[in-house]
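Some notes on the structure that comes next.
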Amino acid sequence: MTLSTVSRRFDIHSVVNHHEPQRLKVYTQRDLHRIQPLQRLPEATRFAMQVVASVLPFRVNEYVINELIDWNHVPNDPIYQLTFPQHGMLPAKHFERMAAAHRAGLDKRQIQSIANEIRTELNPHPADQLQLNVPFDADGARLNGIQHKYRETVLFFPSQGQTCHSYCTFCFRWPQFVGDKDLRMATTEADRLQRYLREHKEVTDLLITGGDPMVMKTKHLKAYLEPLLGPEFDHIKTIRIGTKALTFWPHRFVFDEDANSLVDLLHRMVLAGKHLAIMAHYNHWKELESDIAHAAINRLRATGAEIRSQGPLLAKINDSADDWKELWKRQVILGIIPYYTFVERDTGACSYFAVPLAKAWEIYRHAMQGVSGLGRTARGPSMSAGPGKVEIQGVAEVAGEKVFVLRFIQARNPDWVQRPFFARFDAQATWLDQLEPAFGESRFFYEAEYQTMLSC
Ligand SMILES: *Cc1c(COP(=O)(O)O)cnc(C)c1O
758 MTLSTVSRRF DIHSVVNHHE PQRLKVYTQR DLHRIQPLQR LPEATRFAMQ
808 VVASVLPFRV NEYVINELID WNHVPNDPIY QLTFPQHGML PAKHFERMAA
858 AHRAGLDKRQ IQSIANEIRT ELNPHPADQL QLNVPFDADG ARLNGIQHKY
908 RETVLFFPSQ GQTCHSYCTF CFRWPQFVGD KDLRMATTEA DRLQRYLREH
958 KEVTDLLITG GDPMVMKTKH LKAYLEPLLG PEFDHIKTIR IGTKALTFWP
1008 HRFVFDEDAN SLVDLLHRMV LAGKHLAIMA HYNHWKELES DIAHAAINRL
1058 RATGAEIRSQ GPLLAKINDS ADDWKELWKR QVILGIIPYY TFVERDTGAC
1108 SYFAVPLAKA WEIYRHAMQG VSGLGRTARG PSMSAGPGKV EIQGVAEVAG
1158 EKVFVLRFIQ ARNPDWVQRP FFARFDAQAT WLDQLEPAFG ESRFFYEAEY
1208 QTMLSC
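Structure below.
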C-alpha cells in the first residue's frame, strides 16, 4: 500500500461489512507443527524454533500469521522476526544445551528444568526493576503489581492483563510469560492500587501495563478505571494504557463481543476529564497497513483518547532510517503521536536484536530529517536503565575528544533530568553500562547518588 492510500477517507461501515468477525485463535510452542506456512520451512529452522521456544515465550495468533506476515519474504519479513523464535535468539552455548536435550528426547519436566536454568542467565530483571521499583505500604509489605520509579508516574500490572495477543520475540518482560510464577509482577487488587494512589498525591500519571491490559475483558478494565473518577483521585490527570493490541489484535476494538462497551468506557473516562493515552507499541509501518488496524485506530481516536506510539529499535526488524521515517509518516497521517524510540534492553534475546548506540542514533537522526515537525515528536534513542531513561542526544567532538552527548529524559532523582553529560565515544557499545565517562572523569555525575539508592 502506498502512503496516499493510507489517508483515504475511512469508512467503518465498509470494514464492518467486508470482514467476518474473527475469534482470536492463538498458537503456542505445542502448536508449532500446526502452523501451516511453517511447514514449508526447512526442518532445521523448525527444530531451532522448538529449541528457542522452550526457553523464551512464544505465542502468535492467526491474524498475525495470515495478514501481517508476508511469507514470501520469510525469514527477513519484520513481523516474522517480531513473533517467531529464531536460532540466534539464544546465545550459542544455551542453544546447544537445549538442542541436545531435545535430540536426546528428554521429558517435559527435564526440559523445563534446563529452561529455568538458562533463563536465570538471561538477565531476567534488567534495570533493578524488582529491587528498586516495587514500593512498600505503611506496614512494610511489598505492593506487588505496582512499580513506582519516577515521581509523577505509577505503573500498574493488573493480573488479568499479564499476557498478550501474541508475544514479541524481543520482549523485555519475557520472564512473566514463562513457567516460574513467583517471577510474575501482578496483582488482583484494584483496592491496593487505589490505596496507594490516595496516599501519593504527587502522582499525576497512572500507566496500566502488562503484558497487555487490552487482553482484559472490558468488565475487568472497568473495575480498575471507573473508581479513578472519584474526587479522591483528582490528582490523577492522565491514565495511560500500554498495548500492542492495535498490531496483534485490532479486532479487540471493533469486533470483539465487548468492543463497544470498551469504547464506551474509554469515552466516559475522557468526558469525566481524564487525559486518556493509549500507549501503542509499534515497531514497523507494516503494522499499520490493514483495514482492521485503521478501523481500530479510528474508533479509539473517536473516544477522545490520544494514541501515542513507542517501541524499540531492533536489528532485523527496523534498523533503517527509511523504516522509521515511514512509520512516523504513517502514524502522523493516522493521528498517532510518536512518543519514544527505545534502545533494546539488555535482557532475553537482546544480542540478536542489539544495535550499537552510535548506529541507533544515526538511524534516528536520518529518520527525523525525513519527516516534518509533526513526525519529530519521538524522543530517543532512549535506554530505560536503572538510574532512568537516558537519551543519546548525539555524537560530538569536545576539546578534541569524540563523545556521546547524553541526557536523562526521566530519572530516579528529578534533578538529574535535562542535564547534558558526556561519555567517551564507543562505536560498539549497545548499553549504558558499557559507556565510560568522557574527559578522564571516573564516574558519571549521578553515579554516587545512584549507588546510595541501591544500597538502602
Ligand atoms: C518510561 C517510564 C515511565 C513513564 O515516563 P514518562 O517520561 O512520563 O513517559 C514510568 N515508569 C517507568 C518505570 C518507565 O520506564
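Note that our numbering has the sequence shown beginning at 758, numbered continuously upward. Ideal placement from N, C-alpha and C gives every residue a C-beta, glycine not left out.
Which whole-angstrom value is the C-beta distance of PRO1007 and ALA1059, which I expect to be below 8 angstroms?
The pair is not a contact, with the Cβ atoms about 14 angstroms apart (cut-off 8 angstroms).
I need the boundaries of the beta strand (DSSP E) containing HIS905, first residue and last residue.
Its beta strand (DSSP E) spans residues 903 to 907.
Hey, could you find the ends of the alpha helix (DSSP H) SER1018 is sitting in?
For SER1018, the enclosing alpha helix (DSSP H) starts and ends at 1016 to 1028.
What are the boundary residues of the alpha helix (DSSP H) that TYR1121 is part of?
Where TYR1121 is concerned, the enclosing alpha helix (DSSP H) stretches over 1114 to 1126.
Can you confirm whether the stretch 989 to 1002 touches the stretch 962 to 970 when touching is taken to mean that 3 or more C-beta pairs between the two stretches lie within less than 8 angstroms?
Yes, the stretch 962 to 970 is in contact with the stretch 989 to 1002.
Kindly list the residues whose CB is nearer than 6 angstroms to the CB of ASP827, restricted to its own chain and excluding five residues on each side of it in sequence; keep chain order.
Within the same chain, ASP827 has close Cβ partners ASP834.
Heavy atom of ligand 1 within 7 angstroms of LYS1146 beta-carbon:
Remark: the shortest separation between the CB of LYS1146 and any heavy atom of ligand 1 falls under 7 angstroms.
For ASP1103, three-class secondary structure by DSSP:
ASP1103: coil per DSSP, three-state reduction.
Counting C-beta neighbours from all protein chains within 10 Å, is the total for ARG780 16 or more, i.e. buried, or is it exposed?
Exposed, by the Cβ-count rule.
Whole angstroms is fine: what's the gap from ALA849's alpha carbon to LEU982's?
If I take the Cα positions, the gap works out to 45 angstroms.
Could you pull out every residue in the same chain whose Cβ sits closer than 7 angstroms to the Cβ of VAL935, ignoring the five residues on either side in sequence?
Counting only Cβ-Cβ distances below 7 angstroms, and skipping sequence neighbours, we find PRO814, ARG876.
Taking only the alpha-carbon atoms, compute the straight-line gap between LEU1265 and GLU819 and give it to the nearest angstrom.
Examination of residue 1265 is not possible in this model, given that the chain is present from 758 through 1213 alone.
Which of helix, strand or coil DSSP assigns to VAL935:
In this structure, VAL935 counts as coil in the three-state DSSP scheme.
Find the nearest neighbour of GLN807 within the set ALA856, VAL1089, PRO794, ARG866, judged by alpha-carbon distance.
Comparing Cα-Cα distances from GLN807 to each of ALA856, VAL1089, PRO794, ARG866, the minimum goes to ALA856.
Count the CB pairs spanning the stretch 1064 to 1078 and the stretch 1035 to 1044 that are closer than 8 angstroms, and state whether there are at least three.
Yes, they touch.
I think GLY1157 touches CYS928, with their Cβ atoms under 8 angstroms apart; what is that distance to the nearest whole Å?
Contact flag wrong, Cβ pair sits at about 42 angstroms.
For a quick check, are the C-beta atoms of VAL1027 and HIS992 less than 8 angstroms apart?
No, these two residues do not count as a Cβ contact at 8 angstroms.
So, for PRO794: in the same chain, excluding its five sequence neighbours on each side, which residues have a beta-carbon less than 6 angstroms away from its beta-carbon?
Taking PRO794 as the centre and dropping the five residues before and after it, the same chain places the C-beta of TRP828 closer than 6 angstroms to its C-beta, in chain order.
Can you list, in chain order, the residues of its chain whose CB lies under 8 angstroms from that of ALA859, leaving out five sequence neighbours each side?
Per the sequence shown, the amino acid found at residue 859 is His instead of Ala. These residues qualify, in order along the chain: PHE804, GLN807, VAL808, SER811, ILE868.
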